[in-house]
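Under UniProt numbering, the sequence shown is numbered contiguously, ending at residue 349. Cβ atoms here follow ideal geometry from the backbone N, Cα and C, with glycine treated the same way. These figures come from a predicted structure and were not determined experimentally. These notes are about the structure you will find just below.
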Amino acid sequence: MAKRWKQRPQDSNWGDWGDDDELGRVNMITPEKVLEGVREISAGRSFALSLPLDLPGGSSLNQRRYPPILRPTEDLKHKPDVFYNVVGRDRLHYSFTDVWSDDLVTLWLQYSTQWDALVHQGALFDADGDGVEEPVYYNGFRPDEDVIGPQEDAKGDGSGSLSFARHLGLEHMAAHGVQGRAVLIDIAHHLGNTEEWTAVSWKTLREIIDADKVEIRPGDMVILHTGYATKILEWNGKPDASRIQAMYPYLDAQDDGILQWILDSGLSALAADNYAVEGFAPASREPHTLLPIHKLCLFKLGIPLGELWYLHDLAAWLRENNRTSFLLTAPPLRLPGAAGGPLTPIATV
């Protein structure tokens, strides 16, 4: 197909893995990186890094996202919402001794523990080299051509989808497997488990990395423990709306050193137990991004971002055992066309 861009953003890697690449730095999670991760296993213990997917509860964290809604499927006569606790002898034939339940879910894909797909955030950029900025996503993919919606039958198969990412959806990560060596940076421990809304500068982050002797190798997945998701779990579905949007540490994306570290470290994926990894940039008179880390990672470098991961138990075990690295297995749901999606990451130590 024709190349989608004539110039790429500064510090981006567009085209480095081919004009049609949809994985970005996940390409760096090679078979050797899988083996590196496997070599981190010594205790044979696994930690599930997902919150229950009905947390945080309510919609005070993001008014566009709601808890999952479960309901029964239709029955064999197409009667909706009834196929649950079905006794076979009563509903099908007197000879059947079975009892069945079957359900469906309405799921807001970025409500709880999640990956952001590369299509989740693009930017205005003059990819055509004609002096005019246009909306584009990673590697030059375009709205309305490659990312469809909102419109009727966006998927084009009659299924009723109103949006569909023909490119850059999470299914590519799922097919890859997203398994390899990962490291945890324990911000919570070094900042005294503070619950205050705290911007973490590059100086502070570097001191934490050095203090724990965290070795970040090219292709590693980097996981940030702040304590945020621990509080979410403690609230048990009833979060404090006055606190949930501004609590616990986050990366200070206004600090150029943080952005340069992401660029230089060679990390392949970045996840945190907080909301959005970073804070929001303030409004100003000059055009700018609201989320500099999202822009750098999703738009320029093809680095998927994980949010609301549950890291408390893993972080405690790693600290008790004087370790920071482990095998991470973290494929998202293989749902074609999704801009984000839930997962149950597994850390094996």
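Does the Cβ of residue i have 16 or more other Cβ atoms within 10 Å, making it buried, or fewer, making it exposed?
i	result
M1	In this predicted model, M1 has a pLDDT of only 45, less than 50, meaning its place in the structure is not dependable; the value taken from the coordinates is given anyway. With fewer than 16 other Cβ atoms within 10 Å, it is exposed.
D212	buried
V183	buried
T73	exposed
L124	exposed
V99	exposed
W197	exposed
R39	exposed
What is the DSSP secondary structure of residue i, reduced to helix, strand or coil?
i	result
M1	Annotation note: pLDDT 45 at M1 (below 50); position unreliable, coordinate value reported separately. Here M1 sits in coil by DSSP.
residue 421	This structure does not reach residue 421, given that the chain is present from 1 up to 349, and the question cannot be answered.
Q260	helix
D75	coil
F96	coil
T324	coil
E286	coil
residue 350	Nothing in the structure corresponds to residue 350, since the chain is present only between 1 and 349.
T204	helix
A211	helix
With residue i and residue j assumed to form a contact (beta carbons below 8 Å), what rounded beta-carbon distance in angstroms separates them?
i	j	result
V119	L70	V119 to L70, Cβ: 27 Å. No contact.
L224	I187	6 Å
L170	L23	The Cβ separation is near 11 Å, so there is no contact.
T226	D273	6 Å
Tell me where the beta strand (DSSP E) around residue i begins and ends.
i	result
V136	E134 to V136
T106	D103 to T106
residue 351	Beyond the ends of the chain as shown, which are 1 and 349, falls residue 351; an answer cannot be given.
E278	Run containing E278: none; DSSP gives neither H nor E here.
I need the boundaries of the alpha helix (DSSP H) containing residue i, first residue and last residue.
i	result
A188	I187 to H190
D90	G88 to R91
L35	P31 to V38
A123	Run containing A123: none in the alpha helix (DSSP H); it sits in the beta strand (DSSP E), A123 to F125.
A175	E171 to H176
Roughly how many angstroms lie between the CA atoms of residue i and residue j, to the nearest whole one?
i	j	result
A330	G58	26 Å
L291	P150	23 Å
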